[in-house]
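Encoded as structure tokens, the structure appears first; notes follow it.
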Amino acid sequence: MKKIYVVAVNTYREAIRNRILYTVLFFLLILLGISTILGSFTMGETRRFVIDFGFSGIELLGVAMAIIIGTGMIYNEIQRKTIFTVIPKPVKRWQFILGKFLGLSLTLFVQEVLMLVFVVIFIVIVKGKITSLLFVGAFFIFMEISLTIAISIFFSTFSSPILSGLFTTTLYLIGNSLEELKSLLTMKMASSPVLKFTILFFYNILPNFHNLNIKNEVVHNLTLPEGYVINSIFYAVAYILFLLTISTLIFEKKEFY
Numbered sequence: 149m150k151k152i153y154v155v156a157v158n159t160y161r162e163a164i165r166n167r168i169l170y171t172v173l174f175f176l177l178i179l180l181g182i183s184t185i186l187g188s189f190t191m192g193e194t195r196r197f198v199i200d201f202g203f204s205g206i207e208l209l210g211v212a213m214a215i216i217i218g219t220g221m222i223y224n225e226i227q228r229k230t231i232f233t234v235i236p237k238p239v240k241r242w243q244f245i246l247g248k249f250l251g252l253s254l255t256l257f258v259q260e261v262l263m264l265v266f267v268v269i270f271i272v273i274v275k276g277k278i279t280s281l282l283f284v285g286a287f288f289i290f291m292e293i294s295l296t297i298a299i300s301i302f303f304s305t306f307s308s309p310i311l312s313g314l315f316t317t318t319l320y321l322i323g324n325s326l327e328e329l330k331s332l333l334t335m336k337m338a339s340s341p342v343l344k345f346t347i348l349f350f351y352n353i354l355p356n357f358h359n360l361n362i363k364n365e366v367v368h369n370l371t372l373p374e375g376y377v378i379n380s381i382f383y384a385v386a387y388i389l390f391l392l393t394i395s396t397l398i399f400e401k402k403e404f405y
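What the sequence shown shows, in my numbering, is residues 149 to 405, in sequence order.
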């Protein structure tokens, strides 16, 4: 555990040195900018607008940072040859992968918490109601970001940062559209067993980010189905562990010398 902790802390410090938290300031400036148009809204509309915009900003900035940093972490370690000071030591490669994942996850968790604080402050300013569902929604966004980090690390073990970023972004966009794609093709699937099998195959193996998207429920303060939170968290954690395991297996076979 100590070795994983050291890698995670170093990853966190490196991300902070790269001024990643400046995205929080950028987020705050945008939030302050849109506050000028809130005066024409009613109280209920203002609260929904702040949550909708705030959660969208937190998710997009978090996912963007996960892709930008995650796809380049391992590549940069190899390019700077800093990995040669780590691998020869008694640090197993799975510990290196896990430490990188935890370090970046911690960084983006801190970023999300800071942005969430601003959202909560704005909700209080407009005299909106703070509910527990707000924090559940924020946690689900963190799970989305963590899943994106795992995908980024997976692709970075065998591809360049540019291609890894392209693959991760594509998978993220597809993962957010799986439910809509399935619904759109449902009418055509009945007459084509091959098409039905293909759609269901990819629907079941690709990461379904829709399972972690409860922004609409948070915005409108709707009740989640019983067991939804537990099942969604289990799905995300299982997928993350699967990706990290595959990443480790690929990384184990990688030659650096």
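Positions of the beta carbon are idealized from the N, C-alpha and C atoms, including for glycine.
Predicted, not measured: the structure shown is a model, and the values here were computed from it.
| Query | Result |
| --- | --- |
| The ligand MN heavy atom lying under 7 angstroms from the CB of V377 | In terms of ligand content, the structure shown is empty, and the ligand MN therefore cannot be addressed. |
| For R228, the three-state DSSP class (helix, strand or coil) | coil |
| CA-to-CA distance, G375 to I299, given in whole angstroms | 26 angstroms |
| Residues near M263 in its chain [Cβ-Cβ closer than 6 angstroms; skip 5 each side] | V172, F175, I206 |
| Cβ-based neighbour list, F439, same chain, cut-off 7 angstroms, excluding 5 preceding and 5 following | The requested residue 439 is not part of the displayed model; the chain covers only 149 to 405. |
| DSSP-derived helix/strand/coil call for I178 | helix |
| Contact check, L252 vs T194, beta carbons under 8 angstroms | no |
| T203 to G210 span [Cα, whole Å] | With the sequence shown as reference, residue 203 is identified as Phe, and Thr is not the correct amino acid for it. Roughly 10 angstroms separates the two Cα atoms. |
| Residue burial classification, Q259 (beta-carbon count within 10 angstroms, cutoff 16) | buried |
| Straight-line gap, L326 to F257 (C-alpha atoms, nearest Å) | 26 angstroms |
| Identity of the residue in N324, S294, G218, V154 nearest A384 by Cα | S294 |
| From L360, T318, I322, residue whose alpha carbon lies closest to that of E292 | L360 |
| Reference I222, options I378, K248, L177, closest by Cα | K248 |
| Cβ distance (whole Å) where N369 is taken to contact T279 below 8 angstroms | 6 angstroms |
| Collapsed DSSP secondary structure at S294 in the structure displayed | helix |
| Pair within 8 angstroms by beta-carbon distance, V367 and R165 | no |
| Three-state secondary structure assigned by DSSP to S300 | helix |
| Separation of H358 from I271, as counted between CA atoms | 25 angstroms |
| For M221, the three-state DSSP class (helix, strand or coil) | helix |
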